[in-house]
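In the working numbering, the protein residues as written are 9 to 141.
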(Lines of atoms letter the chains of each structure in order from A; the text may use other names.)
(Lines give C-alpha, C1' and ligand atoms only; values in the text may rest on other atoms or scores of the structure.)
Protein backbone atom coordinates (compact mmCIF):
# COMPACT_ATOMS: atom_id res chain seq x y z
CA UNK A 9 0.00 0.00 0.00
CA UNK A 10 1.33 3.42 -0.94
CA UNK A 11 1.64 6.09 1.70
CA UNK A 12 2.09 9.85 1.63
CA UNK A 13 4.00 12.39 3.70
CA UNK A 14 0.72 13.09 5.52
CA UNK A 15 0.59 9.45 6.64
CA UNK A 16 4.10 9.71 8.08
CA UNK A 17 3.14 12.94 9.85
CA UNK A 18 0.17 11.15 11.45
CA UNK A 19 2.50 8.40 12.65
CA UNK A 20 4.98 10.86 14.17
CA UNK A 21 2.15 12.75 15.81
CA UNK A 22 0.74 9.55 17.35
CA UNK A 23 4.20 8.41 18.49
CA UNK A 24 5.12 11.80 20.00
CA UNK A 25 1.80 12.14 21.77
CA UNK A 26 2.13 8.67 23.28
CA UNK A 27 5.75 9.06 24.34
CA UNK A 28 6.04 12.67 25.41
CA UNK A 29 2.56 13.86 26.28
CA UNK A 30 1.30 10.63 27.87
CA UNK A 31 4.53 8.85 28.87
CA UNK A 32 3.64 5.60 27.05
CA UNK A 33 6.30 3.55 25.31
CA UNK A 34 5.74 3.33 21.54
CA UNK A 35 7.58 0.40 19.92
CA UNK A 36 6.03 0.44 16.43
CA UNK A 37 7.89 1.42 13.29
CA UNK A 38 6.06 3.49 10.70
CA UNK A 39 5.68 0.43 8.48
CA UNK A 40 4.18 -1.65 11.32
CA UNK A 41 1.88 1.20 12.34
CA UNK A 42 0.68 1.92 8.79
CA UNK A 43 0.20 -1.77 7.89
CA UNK A 44 -1.70 -2.41 11.11
CA UNK A 45 -4.08 0.47 10.41
CA UNK A 46 -4.57 -0.65 6.81
CA UNK A 47 -5.40 -4.18 7.98
CA UNK A 48 -8.03 -2.89 10.43
CA UNK A 49 -9.86 -1.20 7.59
CA UNK A 50 -10.38 1.91 9.73
CA UNK A 51 -7.35 4.01 8.78
CA UNK A 52 -9.44 6.90 7.45
CA UNK A 53 -11.84 6.71 10.40
CA UNK A 54 -9.18 7.28 13.08
CA UNK A 55 -9.61 9.99 15.68
CA UNK A 56 -11.04 11.09 19.00
CA UNK A 57 -14.59 11.88 17.97
CA UNK A 58 -17.86 10.00 18.06
CA UNK A 59 -17.69 6.90 15.88
CA UNK A 60 -13.93 7.29 15.28
CA UNK A 61 -11.48 4.44 15.77
CA UNK A 62 -8.34 4.31 17.92
CA UNK A 63 -5.35 2.07 18.49
CA UNK A 64 -6.04 0.79 22.01
CA UNK A 65 -3.81 -1.20 24.38
CA UNK A 66 -5.03 -4.30 26.18
CA UNK A 67 -6.03 -3.35 29.74
CA UNK A 68 -4.77 0.15 28.89
CA UNK A 69 -1.30 -0.91 30.05
CA UNK A 70 2.07 -1.58 28.47
CA UNK A 71 3.59 -0.14 25.32
CA UNK A 72 2.11 0.36 21.90
CA UNK A 73 3.50 -2.70 20.13
CA UNK A 74 2.23 -5.55 18.00
CA UNK A 75 0.49 -8.06 20.26
CA UNK A 76 -0.59 -5.40 22.77
CA UNK A 77 -2.87 -3.33 20.55
CA UNK A 78 -6.36 -3.67 19.12
CA UNK A 79 -8.73 -1.44 17.16
CA UNK A 80 -11.93 -0.12 18.73
CA UNK A 81 -14.05 3.01 18.76
CA UNK A 82 -12.94 5.94 20.89
CA UNK A 83 -16.03 5.51 23.10
CA UNK A 84 -15.29 1.82 23.66
CA UNK A 85 -11.68 2.62 24.55
CA UNK A 86 -12.78 5.17 27.15
CA UNK A 87 -15.30 2.67 28.52
CA UNK A 88 -12.63 -0.07 28.76
CA UNK A 89 -10.05 2.26 30.31
CA UNK A 90 -12.47 3.51 32.98
CA UNK A 91 -14.01 0.12 33.81
CA UNK A 92 -13.73 -0.59 37.52
CA UNK A 93 -12.27 2.84 38.34
CA UNK A 94 -14.23 5.15 40.60
CA UNK A 95 -15.64 8.27 38.97
CA UNK A 96 -13.72 11.47 39.42
CA UNK A 97 -15.73 14.14 41.24
CA UNK A 98 -16.44 17.09 38.96
CA UNK A 99 -16.06 20.71 39.99
CA UNK A 100 -18.80 23.28 39.51
CA UNK A 101 -16.66 24.94 36.82
CA UNK A 102 -16.26 21.67 34.91
CA UNK A 103 -20.01 21.03 35.14
CA UNK A 104 -20.78 24.56 33.90
CA UNK A 105 -18.41 24.13 30.93
CA UNK A 106 -19.98 20.77 30.05
CA UNK A 107 -23.46 22.25 30.31
CA UNK A 108 -22.50 25.16 28.03
CA UNK A 109 -20.96 22.79 25.49
CA UNK A 110 -24.12 20.67 25.38
CA UNK A 111 -26.54 23.61 25.24
CA UNK A 112 -28.68 23.42 22.14
CA UNK A 113 -27.77 19.78 21.40
CA UNK A 114 -30.65 17.36 21.11
CA UNK A 115 -31.17 14.75 23.80
CA UNK A 116 -33.83 12.84 21.82
CA UNK A 117 -35.75 13.03 18.54
CA UNK A 118 -38.57 14.87 20.30
CA UNK A 119 -36.08 17.32 21.77
CA UNK A 120 -34.43 17.73 18.33
CA UNK A 121 -37.81 18.70 16.81
CA UNK A 122 -38.45 21.19 19.62
CA UNK A 123 -35.01 22.78 19.09
CA UNK A 124 -35.68 23.04 15.34
CA UNK A 125 -39.05 24.74 15.99
CA UNK A 126 -37.46 27.18 18.43
CA UNK A 127 -34.76 28.01 15.90
CA UNK A 128 -37.33 28.61 13.14
CA UNK A 129 -39.33 30.91 15.44
CA UNK A 130 -36.20 32.86 16.40
CA UNK A 131 -35.17 33.27 12.75
CA UNK A 132 -38.68 34.39 11.75
CA UNK A 133 -38.75 36.93 14.59
CA UNK A 134 -35.33 38.26 13.56
CA UNK A 135 -36.43 38.61 9.91
CA UNK A 136 -39.57 40.47 10.98
CA UNK A 137 -37.53 42.79 13.18
CA UNK A 138 -35.08 43.49 10.35
CA UNK A 139 -37.96 44.30 7.94
CA UNK A 140 -39.34 46.90 10.37
CA UNK A 141 -35.97 48.65 10.69
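Using N, Cα and C, we set each Cβ at its ideal position, and we do this for glycine too.
>> Taking a contact to mean a Cβ-Cβ separation below 8 Å, would you say residue 83 touches residue 58 in this structure?
In response: yes
> For residue 61, which beta-bridge partners are listed by DSSP?
Replying inline: 54 and 81
> Taking the alpha carbon of residue 16 as the point to measure from, which residue in 130, 126 and 38 has its own alpha carbon closest?
Replying inline: 38
>> I'd like to know whether the C-beta atoms of residue 76 and residue 65 end up nearer to each other than 8 Å.
In response: In contact: residue 76 and residue 65 (Cβ atoms closer than 8 Å).
> For the putative contact between residue 61 and residue 81, defined by C-beta atoms under 8 Å, what is the C-beta separation to the nearest angstrom?
Replying inline: 6 Å
> residue 28: buried (16+ other C-beta within 10 angstroms of its C-beta) or exposed?
Replying inline: exposed
> Do you know how far the Cα of residue 72 is from the Cα of residue 26?
Replying inline: 8 Å
>> Tell me the rounded alpha-carbon separation between residue 108 and residue 99.
In response: Taking the CA atoms as reference points, residue 108 sits about 14 Å from residue 99.
> CB-CB under 6 Å to residue 32, same chain, minus the five flanking residues each way: which ones, in chain order?
Replying inline: 26
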